[in-house]
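Accompanying notes for the structure given below.
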Amino acid sequence: MPRAPRKPRATKGTSRKRRTEAPVAESTDRTVAPEEQQNEKQEAQSAQELLPLDSKIESVPAQQAGDQPSATAETEAPAPPESGTTPEIISAEESPQPVEPEPAPPVSEERTEPETAAEVTALPAEGSAVSPEVSESTAEEESSKSTETVAEERAPAEEPAPTEEPTTAEEPQAPPKPAEEHKRRAPEGRKYHGPAGTTLNIARLQAMSTPELMRMAKEWGVENFGTMKKQEVIFEILKKNAERSGVLFAEGVLEIMPEGYGFLRSQAFNYLPCPEDVYVSPSQIRRFDLQTGDVIAGQIRPPKDKEKYFALLKVEAVGNEDPDKAKEKTHFDNLTPLFPNKRIILETSPDELSTRVLDLVCPIGKGTRGLIVAPPRTGKTVLLQKLANAIIKNNPEIYLIILLIDERPEEVTDMERTCKPAEVISSTFDEPPERHVQVAEMVIEKARRMVEHKRDVVILLDSITRLARAYNTVQPHSGKILSGGVDANALHKPKRFFGAARNIEEGGSLTIMATALVDTGSRMDEVIFEEFKGTGNMEVHLDRALVDRRIFPSINIERSGTRKEELLYHPDEYSRVVVLRRALTGVPPVEAMELLLGKLKKTKSNIEFLLSINNAL
């Protein structure tokens with residue numbers, strides 16, 4: 005930086021005069037007020053308070069000088085500004101007010117202010133006298149030292165010293181407040197309380213009891229859940245989880261609408277429409293060749309602005325198989341039906357005589373289409389319960405569905421509690437016929453799709469008579485009325501339901517055991533029974549005379565039987581059963597059942613009983 009030319013050094017006699025006249029001449033050239041030097045000294049003192057190291061460095065030559073005369077005017081005058089810059093003119097009225105010392109701002113290379121490090125260091129330190137005999141070289145050395153010191157001290161001056169204020173890393177982390185642990189921000193900008201978004205499965209929520217759902221709704225912050233139905237509570241819980249960016253999974257049975265799209269219906273609500281049904285687009289149905297009754301599992305998303313239902317995002321499985329592999333299945337109507345040749349063992353314990361009698365009199369095979377012909381109050385519902393428990397215990401590979409149509413609600417609850425883990429689907433007598441038909445259609449379509457996947461399925465229907473009544477009410481009248489008021493076309497779909505039972509050569513089977521009501525005093529019930537009488541390959545007749553004498557099971561042995569039963573028995577076992585049949589032929593139903601039950605109570609199993617049979621029986 006170029007310096008101004010030096011002035012001739014003053015003599016000893018005129019040094020004091022030149023020192024007093026220098027500010028006047030300087031002010032004339034620079035047009036600066038006389039108070040400028042005083043203001044600059046105050047600013048320099050403020051800077052020295054921030055930089056205590058400068059004062060220590062500057063005080064060393066001052067103490068060495070002692071009480072010598074003051075320096076020349078050249079050392080006392082402020083250093084000239086950098087070349088190319090215009091000095092700032094400050095009047096006495098606009099001089100800056102003294103303020104409390106603050107951390108100095110970072111030094112910029114493009115700074116154009118007239119104050120430099122040389123100006124700050126040229127001022128004397130507090131408590132030290134200015135020596136007039138200090139050489140110019142000494143002043144320049146002090147000036148250079150001070151400039152280096154200022155450059156080194158300005159950078160750390162931007163941050164507070166560690167002794168005065170600890171850094172953020174040293175501060176201990178304060179524990180979060182308990183009330184704010186679960187506070188997060190919802191997409192709408194609302195604060196909510198509750199657990200973070202997690203993975204929820206609709207099927208698990210639907211399997212929960214109402215009190216458990218209420219407690220869960222309270223934890224998730226659902227409002228007014230006490231006045232909601234179970235379906236509505238599940239819907240709100242799913243929406244809350246979606247707001248927390250949780251993952252939703254759903255599993256249900258597909259029902260395709262006439263418009264081409266479909267919905268995943270829930271088993272917990274008997275495959276009827278409910279708020280948490282999942283929408284399936286037509287493109288997904290076409291891509292994976294989906295049909296009504298397919299069991300679909302996949303990831304879903306919550307409804308958007310004007311949508312009412314959850315939507316299926318990704319198909320994870322179809323019938324517990326890979327979606328691409330499921331497309332290779334053979335349609336149910338193209339499968340080859342056979343006679344039942346694999347027996348379903350019903351015997352469970354020595355004391356359970358009902359199932360032991362069924363094994364001996366009318367065995368059931370995989371693919372059997374059976375009718376339980378029962379007058380009122382003959383124990384058909386209890387017989388179905390024992391049949392279901394035997395299938396669950398002895399044949400865990402079979403998927404069991406219990407379908408109750410037009411039954412009493414208390415019987416539905418009893419069936420659900422006594423036949424776990426079977427799937428119980430019901431439509432009680434207080435429901436309209438349209439719901440009876442819809443529930444039955446969903447069940448039979450689901451069973452068909454499972455058979456296509458080579459599964460063994462058993463449906464216990466109570467009762468096919470009331471299902472036929474519902475079809476007769478819903479079916480449009482053709483103008484041809486049979487006796488009893490049955491429309492000629494009304495029994496086609498019930499027969500299609502019952503006729504779906506078959507044993508499949510390619511693998512899988514569908515077994516249907518349905519109850520048919522007789523002796524009810526209704527001509528329609530008699531006509532319905534006559535229509536189904538020859539369609540099954542197994543019949544069990546319950547006798548009212550046995551019930552009147554409190555003999556259970558009230559099975560009429562002579563009228564009950566299974567077609568092609570030799571395919572289900574072992575040859576040795578079949579020969580013994582033939583001997584038993586011949587011995588009971590012609591015996592009244594009451595005496596025949598009493599005789600058989602007496603022999604069974606003396607043995608622990610049917611094999612032991614058959615081995616004890618001889619020709620003298």
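All residue numbers for the sequence shown refer to the working numbering, where the first residue is 5 and numbers rise by one.
By construction, the Cβ of each residue, glycine as well, lies at the ideal position given by its N, Cα and C atoms.
N-terminal and C-terminal residue of the beta strand (DSSP E) that residue i is part of
{"i": "residue 466", "result": "460-466"}
{"i": "residue 260", "result": "251-260"}
{"i": "residue 349", "result": "Premise fails: residue 349 is in no beta strand (DSSP E) and is neither H nor E."}
{"i": "residue 614", "result": "Per DSSP, residue 614 belongs to no beta strand (DSSP E); it is in the alpha helix (DSSP H), 610-615."}
{"i": "residue 264", "result": "Element bounds for residue 264: n/a, residue is neither H nor E."}
Buried versus exposed, by CB contacts within 10 Å (16 or more), residue i
{"i": "residue 615", "result": "exposed"}
{"i": "residue 549", "result": "exposed"}
{"i": "residue 126", "result": "Below a pLDDT of 50, predicted positions are generally treated as unreliable, and residue 126, at 42, falls in that range; the measurement from the model is reported next regardless. Answer is buried; the Cβ neighbour count reaches 16."}
{"i": "residue 582", "result": "exposed"}
{"i": "residue 603", "result": "exposed"}
{"i": "residue 589", "result": "exposed"}
{"i": "residue 291", "result": "exposed"}
{"i": "residue 510", "result": "exposed"}
{"i": "residue 347", "result": "buried"}
{"i": "residue 613", "result": "buried"}
{"i": "residue 281", "result": "buried"}
{"i": "residue 233", "result": "exposed"}
{"i": "residue 542", "result": "buried"}
{"i": "residue 507", "result": "buried"}
{"i": "residue 611", "result": "exposed"}
{"i": "residue 269", "result": "buried"}
{"i": "residue 380", "result": "exposed"}
{"i": "residue 261", "result": "exposed"}
{"i": "residue 351", "result": "buried"}
{"i": "residue 560", "result": "buried"}
{"i": "residue 359", "result": "buried"}
{"i": "residue 244", "result": "buried"}
{"i": "residue 545", "result": "buried"}
{"i": "residue 410", "result": "buried"}
{"i": "residue 128", "result": "Since pLDDT at residue 128 reaches only 43, below the 50 mark, its modelled position is unreliable, and the value read off the structure follows with that caveat. Classification of residue 128: buried, given that the 10 Å Cβ count is 16 or more."}
Bridge-paired residues (DSSP) for residue i
{"i": "residue 559", "result": "546"}
{"i": "residue 519", "result": "376"}
{"i": "residue 408", "result": "430 and 466"}
{"i": "residue 309", "result": "Answer is none; residue 309 lacks a bridge partner."}
{"i": "residue 315", "result": "283 and 305"}
{"i": "residue 341", "result": "508"}
{"i": "residue 369", "result": "347"}
{"i": "residue 403", "result": "461"}
{"i": "residue 293", "result": "The partner list for residue 293 (beta bridge, DSSP) is empty, contrary to what the question assumes."}
{"i": "residue 552", "result": "Beta-bridge pairing links residue 552 to no other residue."}
First through last residue of the alpha helix (DSSP H) which encompasses residue i
{"i": "residue 398", "result": "384-398"}
{"i": "residue 598", "result": "593-605"}
{"i": "residue 588", "result": "575-588"}
{"i": "residue 448", "result": "437-456"}
{"i": "residue 533", "result": "527-536"}
{"i": "residue 421", "result": "413-422"}
{"i": "residue 222", "result": "214-223"}
{"i": "residue 330", "result": "327-330"}
{"i": "residue 364", "result": "357-365"}
{"i": "residue 501", "result": "496-503"}
Cβ distance (whole Å) where residue i is taken to contact residue j below 8 Å
{"i": "residue 482", "j": "residue 492", "result": "6 Å"}
{"i": "residue 323", "j": "residue 293", "result": "Contact flag wrong, Cβ pair sits at about 12 Å."}
{"i": "residue 216", "j": "residue 229", "result": "Between residue 229 and residue 216 the Cβ distance is about 12 Å, and since that is not below 8 Å, they are no contact."}
{"i": "residue 564", "j": "residue 365", "result": "5 Å"}
{"i": "residue 432", "j": "residue 412", "result": "7 Å"}
{"i": "residue 274", "j": "residue 443", "result": "5 Å"}
{"i": "residue 414", "j": "residue 271", "result": "Residue 414 to residue 271, Cβ: 21 Å. No contact."}
{"i": "residue 429", "j": "residue 490", "result": "In fact, because the Cβ distance is near 25 Å, the residues do not count as touching under 8 Å."}
{"i": "residue 344", "j": "residue 308", "result": "Between residue 308 and residue 344 the Cβ distance is about 51 Å, and since that is not below 8 Å, they are no contact."}
{"i": "residue 392", "j": "residue 404", "result": "6 Å"}
{"i": "residue 296", "j": "residue 342", "result": "Contact doesn't hold; Cβ gap of about 26 Å is too wide."}
{"i": "residue 4", "j": "residue 356", "result": "Only positions 5 to 621 of the chain appear in this structure, which leaves residue 4 out of reach."}
{"i": "residue 477", "j": "residue 384", "result": "Not really, about 23 Å apart at Cβ, beyond 8 Å."}
{"i": "residue 515", "j": "residue 372", "result": "5 Å"}
{"i": "residue 441", "j": "residue 475", "result": "6 Å"}
{"i": "residue 547", "j": "residue 593", "result": "5 Å"}
{"i": "residue 237", "j": "residue 251", "result": "Not a contact, Cβ separation roughly 20 Å."}
I want to know whether the region 304-319 touches the region 464-481 - three or more CB-CB distances under 8 Å. no
Taking contact to mean 3 or more Cβ pairs, one atom from each stretch, closer than 8 Å, check whether the region 392-407 and the region 519-532 are in contact. no
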